[in-house]
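S.K.: Letter 39 of the sequence shown, counting from 1, is numbered 65 in our numbering, and no numbers are missing. C-beta: ideal position from N, C-alpha, C; glycine also.
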Amino acid sequence: MGLTHVHIGEQNEAIITFDLAISICERDPRAHSNKAEAYLTLGSFEEAKIVADEGLTHAPKSAELWAKKARALESLLKIDEAIEAYNESIKYDSCNPETWKALALCLDAQENWPAVARSYRIAGGLHQKRGENQDAESCFKFAEMAEKSE
């Protein structure tokens, strides 16, 4: 129900729904993650970070919560902290190409070209394994561009 609210743009209703879910089972990382997503969509990045941190106290190995925290930090222009959070997310789930691409963008902000290229190549390989060839091709092109920037 809460995700439906997020998808149709009713973020405040979604937050209420996720608060209810958290009150029923505060250890469920999905409720915290979804509430953080609602705040991210609203542009309430500090609140999204707070919710992700609360969820991480109950589920410290949740890749999804680490990624939400990273997105919030990135939006707050706390790039070094965002990179740390993306790396934590990848530590618990290294198979999500979107996380690798988001990490690459943060590394790009630091002009760390070898790390940017590596992240895009990994994301490209993951997209390829899924048969997402257009996405893979884009990632490989970005990796080449990063390598040429070195």
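(1) Do residue 172 and residue 143 come within 7 Å of each other at the CB atom, strictly closer than that value?
(2) At which residue ranges does the stretch 45-71 contain complete alpha helix (DSSP H) runs of 4 or more residues, listed in the order of the chain?
(3) On a CA-only basis, which of 119, 115, 168, 160 is nearest residue 141? Give me that one, please.
(4) Tell me the rounded alpha-carbon separation between residue 135 and residue 105.
(5) Is the beta carbon of residue 71 sitting closer than 7 Å to the one on residue 93?
(6) Using alpha carbons as the reference points, say which of 91, 148, 61, 113 lies closest to residue 43.
(7) Consult DSSP for residue 157 and reduce its assignment to one of helix, strand or coil.
M.R.: Quick answer:
(1) The Cβ-Cβ distance between residue 143 and residue 172 falls below 7 Å.
(2) With a minimum length of 4 residues, the continuous alpha helix (DSSP H) runs that stay inside the stretch 45-71 are 55-68.
(3) Measuring from the Cα of residue 141, the nearest candidate turns out to be 168.
(4) Going by the C-alpha atoms only, they are around 8 Å apart.
(5) If you check the CB distance, residue 71 and residue 93 do not come in under 7 Å.
(6) The shortest Cα separation from residue 43 among 91, 148, 61, 113 belongs to 61.
(7) Taken through DSSP and simplified to helix, strand or coil, residue 157 comes out as coil.
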